[in-house]
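First comes the structure, then the notes that go with it.
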Amino acid sequence: MSLSIANMTICEAIALLEGKQCTSVELVSVLLNEIRRIDGTLGAYLSVDENDAVSQAMAADKARSEGRKGRLLGIPLAVKDVLNVRGQPCTCASKILQGYIAPYDATAVAMLRREGAVLVGRTNMDEFAMGSSTENSGFKITKNPRNIAYVPGGSSGGSAAAVAGGEAIAALGTDTGGSIRQPAAFCGCVGLKPTYGRISRYGLTAFASSLDQIGPITKNVKDAAVLLGVMAGRDEMDSTSVDVPVPDYLTSLSGDLKGMKLGLPKEYFVKGMDPEVEAAVRTAVEVCGGLGAEVVEVSLPHTDYAISTYYIIATAEASANLARFDGVRYGFRAAGAEDPIDMYGKTRAAGFGAEVKRRIILGTYVLSSGYYDAYYLSAQKVRTLIKRDFENVFMQCDALLTPVSPTVPYKIGETSSDPLRMYLGDIFTVTANLAGICGLSVPCGMSSQGLPIGLQVLGPAFREENILRAGHAYESARGLIRYGE
Ligand code: GLN
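So that you can map any letter, position 210 of the sequence shown is 209 in numbering that gives the first Met the number 0, and since no number is skipped, the others follow by simple counting.
Here it is in structure tokens:
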């Protein structure tokens with residue numbers, strides 16, 4: 000049998016393994032071949048330890064032959080380079096962490112391992128997850144597999160490109176302001192940002208601790224439900240993880256939307272957004288109506304303030320979180336320093352890229368004593384208003400339908416010199432992080448250039464089953480979207 004990773008889902012791979020039609024070693028070998036063949040062009044991975052991957056797969060095959068069970072037994076997965084995977088590099092795509100090897104597993108990674116997953120490699124990203132195009136990586140640029148002249152989105156662009164390009168069955172990403180949902184949309188994958196507190200952040204290198212969440216990037220909604228089910232739950236190593244029972248997400252995938260009320264926030268269909276995005280999302284809304292959902296218009300009045308609020312809070316938290324990278328404990332240390340203070344300065348000047356420095360400076364500024372009230376405190380207050388907007392609309396409906404990004408994927412180099420323009424592209428995704436709710440990105444069409452467009456489904460906190468149900472029903476009705484033809 001010839002195996003192709005390009006279209007294979009987790010559920011299909013499990014069926015093959017259970018039916019003894021292939022082994023985990025075979026799956027991993029096919030995957031490694033693909034990586035060798037195309038990753039020189041796509042640049043999705045930062046590191047792959049082939050020998051380690053094969054030995055993990057051999058262990059999984061042995062476990063299966065001994066009758067051991069595991070929800071992901073023998074399934075190869077890719078992990079964004081911001082999560083600690085014991086024994087593997089974890090650079091956050093930053094030169095400052097070059098040479099750092101993770102001494103332990105992040106809780107989410109440990110939970111995948113406990114179910115038998117094979118962790119194949121570390122995917123590229125914007126440095127410390129700051130960006131929307133993966134052009135801010137300290138090491139290389141990842142290309143969009145649908146058309147390599149275009150960005151894959153970011154910051155989890157390596158994970159999305161690996162999944163879309165047939166270099167991974169599924170992958171983990173992280174989302175602080177859209178970094179799972181937007182690259183999933185740009186590459187034509189499914190991306191899930193769980194509720195804040197649904198998955199432990201222990202072992203995730205913090206960017207903005209009150210916004211960060213780990214989640215899956217997959218080929219379909221069912222796979223996202225499977226991975227969420229494995230990783231969700233309270234962890235005593237992360238005091239912000241919440242002790243809410245983890246439902247069986249697969250049972251929520253009913254295939255219809257009968258009895259569901261879906262809201263269309265009018266502020267998410269704005270002047271200036273790409274007409275192709277608007278048309279694709281409106282068509283998807285009609286499909287959802289046809290599946291039995293009641294569609295109502297709703298309002299999230301504070302949406303206009305979301306970008307400024309996000310870029311104050313995220314940079315403030317980042318400036319504190321990144322203070323630990325000073326050349327003393329981790330990774331890179333600049334040579335030729337005269338004293339410790341000189342060493343910190345030289346290390347940080349050489350180790351961090353331009354976007355990371357820009358954010359540390361911005362974040363330090365908004366927290367400084369003269370400006371704290373004017374910026375940071377005001378942003379915290381507006382964050383509460385944004386959260387209340389969502390609480391109000393979720394009293395009227397079960398989920399919201401919106402675009403993921405106001406634009407289709409852009410060309411590599413097109414926005415990299417204009418950070419503000421890049422920030423504005425986050426308008427529809429940052430709100431979910433500010434409010435702490437969950438969001439899903441599902442492919443809903445493509446541009447005239449043949450590049451994917453994403454539909455966003457937003458749900459109330461700890462109601463991932465709502466958005467998975469809506470996304471799955473839509474995905475099943477939508478039919479296949481073919482890329483690159
Ligand atoms: N694009 C946003 C930013 O640059 C979101 C990044 C993320 O979610 N990690 O901050």
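Note that CB positions come from ideal geometry on N, CA and C, so glycine has one too.
Where does residue i fall in DSSP's three states?
| i | result |
| --- | --- |
| M421 | helix |
| P492 | There is simply no residue 492 to check, as the chain begins at 0 and stops at 484 in what is shown. |
| Y310 | helix |
| I481 | According to the sequence displayed, residue 481 carries Arg and not Ile. DSSP places R481 in coil when its eight states are reduced to three. |
| R76 | It is worth fixing the name first, because residue 76 is Leu in this sequence and not Arg. Reduced to three states, the DSSP call for L76 is strand. |
| Y364 | helix |
| N320 | helix |
| P88 | strand |
| N432 | helix |
| P182 | helix |
| D222 | helix |
| T401 | strand |
| I13 | helix |
| L203 | strand |
| A333 | coil |
| T346 | helix |
| I95 | helix |
| D242 | coil |
| K356 | helix |
| Y248 | helix |
| R127 | For the sequence presented, residue 127 should be read as Phe rather than Arg. In the structure shown, F127 sits in a helix (DSSP, three-state: H, G or I). |
| S374 | The identity of residue 374 in the sequence shown is Tyr, whereas the question assumes Ser. In this structure, Y374 counts as helix in the three-state DSSP scheme. |
| T8 | coil |
What whole-angstrom Cβ distance do residue i and residue j have, given they're in contact under 8 Å?
| i | j | result |
| --- | --- | --- |
| M445 | Y482 | 7 Å |
| Y195 | A105 | Not confirmed; about 16 Å, so no contact. |
| D273 | P405 | 6 Å |
| E114 | L71 | 4 Å |
| Q87 | G330 | Rounded, the Cβ-Cβ distance is 14 Å, inconsistent with contact. |
| I480 | G187 | 7 Å |
| M57 | V24 | 6 Å |
| M230 | I198 | 5 Å |
| V365 | T314 | 7 Å |
| A101 | N123 | A101 to N123, Cβ: 17 Å. No contact. |
| V162 | K218 | 6 Å |
What are the start and end residues of the alpha helix (DSSP H) that includes residue i?
| i | result |
| --- | --- |
| K386 | 377–392 |
| E464 | 463–477 |
| V455 | In the sequence as displayed, the identity of residue 455 is Gln instead of Val. Counting along the chain, Q455 falls outside any alpha helix (DSSP H), though it belongs to the beta strand (DSSP E) covering 451–458. |
| N32 | 23–41 |
| V284 | 274–289 |
| A159 | 156–163 |
| T106 | 106–113 |
Name the two residues that bound the continuous beta strand (DSSP E) containing residue i.
| i | result |
| --- | --- |
| K55 | The displayed chain sequence assigns Gln, not Lys, to residue 55. Not the beta strand (DSSP E): Q55 falls in the alpha helix (DSSP H), residues 49–64. |
| S440 | 437–445 |
| I213 | 212–217 |
| E296 | 293–297 |
| K260 | 260–264 |
| A170 | 170–174 |
| L191 | 189–192 |
Out of the options, point me to the one whose CA is closest to residue i's CA.
| i | options | result |
| --- | --- | --- |
| P151 | I179, D325, F138 | I179 |
| V403 | A128, S54, G177 | G177 |
| R358 | A398, R477, G130, G438 | G130 |
| T250 | R233, T22, K221 | K221 |
| R145 | K410, L16, P75, A472 | K410 |
| A52 | I74, A317, D38 | I74 |
| N465 | L290, C396, A476 | C396 |
| E134 | A107, P182, A116 | P182 |
| M394 | A62, L299, A476 | L299 |
| E277 | L400, I213, L467 | L400 |
| L450 | Y149, K19, G137 | Y149 |
| C10 | A169, N432, G156, I213 | A169 |
| T175 | G228, V81, V241, Y267 | V81 |
| E266 | G172, V392, Y343, E285 | V392 |
| S136 | E126, A292, K142 | E126 |
| L43 | L76, A476, S132, G157 | According to the sequence shown, residue 43 is Ala rather than Leu. The residue with the shortest Cα to Cα distance from A43 is G157. |
| K61 | I37, T22, G39, V47 | T22 |
| S318 | A469, L361, A349, R281 | L361 |
Based on the DSSP output, what are the partners of residue i in its beta bridges?
| i | result |
| --- | --- |
| Q395 | According to DSSP, which records beta bridges pairwise, Q395 is partnered with nothing at all. |
| S46 | R121 |
| I149 | A small correction: the amino acid at residue 149 is Tyr; Ile does not occupy that position in the sequence shown. Answer is K410, bridged to Y149. |
| A231 | I198 |
| N83 | According to DSSP, N83 bridges with nothing at all. |
| D237 | D234 |
| I100 | P88 |
| N143 | N146 |
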